[in-house]
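Right, one structure below, let's go through it.
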Amino acid sequence: MKREQKEIFIKNLKTILSENSLVLVFHYRGMSMTDMTELRVQSFNSGCNIKVTKNRLTKLALEGTDKSELSELFDGPTAIAYSNDPVELTKLLTNFAKNNSNLVILGGIMDNEILTVEKIEILSKLPSLEEIRAQLIGLISTPAQKIASVLTAPSGDLARVFNAYSTK
């Protein structure tokens with residue numbers, strides 16, 4: 036890679052690191068091209084991104100940023116996954132790693148907090164934003180349904196009493 040290309044790569048990587056709230060680092064040693072392509076397709080469909088990076092250039096891009104602590108993870112065949120939806124990305128990578136032993140999650144950073152593999156596993160078990168919204172709507176609508184049933188119950192009871200009285 037020429038010097039100009041390296042400078043552009045570093046600049047693009049700095050932009051990626053600054054614009055995304057979650058960056059995960061993983062090893063992909065031994066992964067087949069088919070598996071890597073499948074991971075990229077799944078990540079694209081989830082709104083996440085995967086980028087294979089050169090370790091030295093990535094360390095240069097991390098220097099002087101709030102994510103500089105990640106630089107110690109870059110050793111060997113390393114790639115990054117990044118997104119602004121932490122739950123979706125962590126679910127994607129942890130599920131893929133369970134089915135493919137060649138993908139090893141090393142760690143990450145979310146909103147300037149270093150994530151260990153254990154924290155990433157915990158994040159992956161959280162419900163997605165859409166699931167939380169659905170649960171919240173369910174919680175909000177349940178009291179209204181109960182109020183409606185309480186308000187209609189007396190009139191229904193009264194109608195049954197009149198019906199029973201008229202059939203006698």
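So the number in the working numbering is just where the residue sits in the sequence shown, counting from 1, plus 35.
Even for Gly, the Cβ is constructed at its ideal location relative to N, Cα and C.
Which of the three DSSP states, helix, strand or coil, is assigned to residue i?
i	result
MET68	helix
PHE84	What sits at residue 84 in the sequence shown is Asn, not Phe. Strand.
SER118	strand
GLU148	strand
PHE109	coil
LEU57	strand
GLY143	strand
Keeping to the same chain, check which residues put their C-beta closer than 6 Å to that of residue i; ignore five residues upstream and five downstream.
i	result
THR126	In the sequence on display, residue 126 carries Lys and not Thr. SER159.
ALA96	ILE45, LEU48, LYS49
Do you know whose CA, among the options, lies nearest residue i's CA?
i	options	result
ILE140	TYR117, ASN147, ASP146	TYR117
THR151	MET36, LEU57, PHE44, SER81	LEU57
LEU59	GLN77, THR129, LEU95, ILE45	THR129
ILE85	THR177, LYS46, ILE149, ASP70	ASP70
CYS83	SER176, ASP146, ARG75	ARG75
ASN147	VAL87, SER103, ILE167	SER103
LYS89	ILE167, ALA199, GLY111, GLU39	GLY111
GLU165	ASP120, ILE43, GLU98	ASP120
Here's the rule I'm using: 16 or more other beta-carbon atoms within 10 Å means buried, otherwise exposed. How should residue i be labelled?
i	result
TYR236	Coverage of the chain is limited to positions 36 through 203, which leaves residue 236 absent and any answer about it impossible.
ASN55	buried
ILE157	exposed
PHE79	exposed
THR72	exposed
ILE115	buried
MET145	buried
ALA132	buried
THR177	exposed
THR113	buried
For residue i, I'd like the list of residues in its chain whose CB is within less than 8 Å of its CB, leaving aside the five on either flank, ordered along the chain.
i	result
LYS41	LEU92
THR100	LYS49, LEU52, SER53
SER142	In the sequence as displayed, the identity of residue 142 is Gly instead of Ser. Closer than 8 Å at Cβ, skipping near neighbours: LEU59, VAL60, LEU105, LEU108, ILE149, LEU150, THR151, VAL152, ILE155.
Excluding sequence positions up to five away, which residues of its chain have a Cβ less than 7 Å from the Cβ of residue i?
i	result
SER163	VAL122, GLU123
MET66	ASN135, ASN137, LEU138
Considering only heavy atoms of the ligand NAP, does any lie closer than 6 Å to the CB of residue i?
i	result
LYS46	The ligand NAP is not among the ligands present in this structure, which contains no ligands whatsoever.
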